[in-house]
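Residue numbering for the sequence shown follows the working numbering, starting at 290 and increasing by one per position. Where a beta carbon is used, it is the ideal one built from N, C-alpha and C, also for glycine. Keep in mind that this is a model prediction, so the values were computed, not measured.
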Amino acid sequence: MAEKSEVREEETPVGEERLTLGGMARIDGLDLFGPGYMTEAYRKDGEVHVRLREARARAPENERLAAFSRLPVIRSFFFWGRLLLQVVGSVWAVVFFGVTILFLWLVVQLFEAGSESLGPFGLVFEFFASFPILPVLFLFLLVMRFSPIGRYHGAEHKVVAAYETYGEVDLEKARGSSRLHPRCGTNILAYIMLAGLIDPLVGWWGYAILQFILISEAWYVFGQSRPSVAVGNFLQRYFTTTEPRRRELEVAVEGINNLLAAERGAPVPEKAVLPARF
Numbered sequence: 290m291a292e293k294s295e296v297r298e299e300e301t302p303v304g305e306e307r308l309t310l311g312g313m314a315r316i317d318g319l320d321l322f323g324p325g326y327m328t329e330a331y332r333k334d335g336e337v338h339v340r341l342r343e344a345r346a347r348a349p350e351n352e353r354l355a356a357f358s359r360l361p362v363i364r365s366f367f368f369w370g371r372l373l374l375q376v377v378g379s380v381w382a383v384v385f386f387g388v389t390i391l392f393l394w395l396v397v398q399l400f401e402a403g404s405e406s407l408g409p410f411g412l413v414f415e416f417f418a419s420f421p422i423l424p425v426l427f428l429f430l431l432v433m434r435f436s437p438i439g440r441y442h443g444a445e446h447k448v449v450a451a452y453e454t455y456g457e458v459d460l461e462k463a464r465g466s467s468r469l470h471p472r473c474g475t476n477i478l479a480y481i482m483l484a485g486l487i488d489p490l491v492g493w494w495g496y497a498i499l500q501f502i503l504i505s506e507a508w509y510v511f512g513q514s515r516p517s518v519a520v521g522n523f524l525q526r527y528f529t530t531t532e533p534r535r536r537e538l539e540v541a542v543e544g545i546n547n548l549l550a551a552e553r554g555a556p557v558p559e560k561a562v563l564p565a566r567f
């Protein structure tokens, strides 16, 4: 039985160090990740549902292991491992991955069937079959731009930015914050696209695995550089985020406030159902 409760709002302790938070938008809500906990927030029947649990991808507590996990190349395995652990918690992420694989398989099958049989569209299919990363990215950007995922993605950025600026989050602070964030995971799309365009030009089969290391290492080295942030902001502004409405912001605000309360030591209920308060 879901527990009815008011969102836990705790004032930020004076001098508290800001936590590094992450998140992931879904079609019906969003997930937020802290060092110790993760929260799933979504709207259902006019109420905001928040589910808290311990983070799957905790940072290593052992100092030697933590230092080892930050070494070049090694950190890439930790990066993709954490990403996988976060993504598998979202059913829609798994569905999108399955649709993407099916789409790629159909493209390859059409190409192998012979582009000549496709008439004037043959050259188009041949091009996309040679660079399959392009239709996948196009599909991804289309979904982000014209579905609720883009609005929830924008809401996720706004509440994280509000927390980083003020140390606390309410609707007004979130509304006035930027929906562009320099640490956004979709900024890595530029590196993925570059690696995907090089892929058909490399005959070595091992590059398919090596490119994941190259992508994440390039992200670690250049991800916070001005050119990289500028490209990322462009992608966020025009493709991967849209301006959230009040309903998306409410979900994001309740989600992050419950997450912050848990990180500060408040009791963690299995699930909280909150009336729309704002």
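query: Okay, do the stretch 459–469 and the stretch 540–555 touch, 3+ Cβ pairs below 8 Å being the bar?
result: yes
What would DSSP say about residue 337, mapped onto helix, strand or coil? strand
| field | DSSP-derived helix/strand/coil call for residue 314 | value | strand
**Item:** Those residues which DSSP pairs with residue 322 across a bridge
**Value:** 311, 327
**Report entry** C-beta atoms of residue 519 and residue 500 nearer than 8 Å
**Finding:** Against a cut-off of 8 Å, the Cβ pair of residue 500 and residue 519 comes out as no contact.
Report yes or no: do the stretch 519–529 and the stretch 318–329 share at least 3 C-beta pairs separated by less than 8 Å?
no
Could you pull the DSSP bridge partners for residue 343 from this structure?
326
- [ ] Find out if the Cβ-Cβ distance for the pair residue 365, residue 506 is shorter than 8 Å.
- [x] yes
Is it buried or exposed for residue 306, if we count other Cβ within 10 angstroms and need 16 for buried? exposed
Exercise. Check residue 553 in the structure and name its three-state DSSP category.
Key: coil
Per DSSP, which residues does residue 332 bridge with? Please list them. 337
Query - Same chain only: Cβ atoms within 6 Å of residue 447, ignoring 5 sequence neighbours per side - result: 463, 466, 468
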